[in-house]
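Just so you know, we're using this note's numbering here: the sequence shown kicks off at 19 and counts up by one.
Just so you know, even glycine gets a beta-carbon here, dropped at the ideal spot from N, CA and C.
On a predicted model such as this, the values are computed, not experimentally measured, just so you know.
Here the structure comes first, spelled out in structure tokens, and everything after it is commentary.
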Amino acid sequence: MADEELASYRLQFQQVEAALLGDPDNEELQKLKTDLEEVIALQVCFLLLHLSSYFEFQIGDRVMAPLPNGNRAVAVVDSLTAAGVAVIFISSGQKTIVDPSDLSDAPDAGKKHYVFDSSRSGISKSAANKKEWLAERERRRLRAQKKEMKRKELDLAKESEKNSWIKFNHKAVSKGIKGMKRIIATGSAQDGPAGVEYLCLQCFIIFNHGVVFNLAGKTVQYFSP
């Protein structure tokens, strides 16, 4: 749903830009453009936070992944994409994209060794596991907290954009000018999103932390926490 909203806001941005070509000094349109730029940027950040919490595994992790024949084999996470997780099977070198829910931890012998591994640091395995678990729990808590803060910020920006849009249309109608329809609303309601006809979002995850979005004709790179 968030990516559909982003696509519709992008279309809306293009509509406002087109209107500004004919009326570049229109303050209401300029305000709409500014509000939409903020909404798009915040929506991208929100998507990034959502994606980072969606993927449990990171690039380089060894996992158990499903083979085409239904069996499972050890593979290495090669990249994280909007379509799923790209893995390379160790036995064959074959690369494929699988659903994150189909992955599981690889056996201990096939997993990477970290500095806190009991065999290397002398720390007991149970203590090392507990330390790792506590660190992961704290990371998840902070990530969820940041996501909630970004969601509230996004809601405020959307409300500002909606009010600017309604204000512009009211002025246009009072002057006998045909207003512009918010592309985000496919229903008859002017003040609320009801869906989107098609998706224009182009999203690529790179280096496990960066996402490149094509927004309003511009390529913008954002980095996840």
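{"Asked": "Sufficient close CB pairs (3 or more, under 8 Å) joining the region 40 to 52 to the region 167 to 175", "Found": "no"}
{"Asked": "Selected residue, minimal CA-CA separation from Ile106, among Asn87, Met82 and Ser119", "Found": "Met82"}
{"Asked": "Outcome for Ile115 when other beta-carbon atoms lying within 10 angstroms are tallied against a minimum of 16", "Found": "exposed"}
{"Asked": "Glu150 to Glu156 span [Cα, whole Å]", "Found": "10 Å"}
{"Asked": "Buried or exposed by the 16-neighbour rule on C-beta atoms within 10 Å, applied to Ser109", "Found": "exposed"}
{"Asked": "Residue nearest to Cys63 in terms of C-alpha spacing, selected from Glu179, Glu166, Ser178 and Lys180", "Found": "Glu166"}
{"Asked": "Backbone CA spacing between Ala37 and Leu47 [nearest angstrom]", "Found": "8 Å"}
{"Asked": "Cβ neighbour criterion (16 or more within 10 Å) applied to Glu179", "Found": "buried"}
{"Asked": "Inter-residue Cα distance where the pair is Val103 and Glu22", "Found": "21 Å"}
{"Asked": "Closest by C-alpha distance to Ala175, when choosing among Asn89, Glu56 and Leu121", "Found": "Glu56"}
{"Asked": "Simplified DSSP assignment, three categories, for Pro86", "Found": "coil"}
{"Asked": "Inter-residue spacing [alpha-carbon to alpha-carbon] between Arg90 and Gln32", "Found": "46 Å"}
{"Asked": "Residues near Tyr27 in its chain [Cβ-Cβ closer than 7 Å; skip 5 each side]", "Found": "Leu54, Val57, Ile58, Gln61 and Ile202"}
{"Asked": "For Val92 and Ala124, believed in contact at Cβ under 8 Å, the rounded distance", "Found": "5 Å"}
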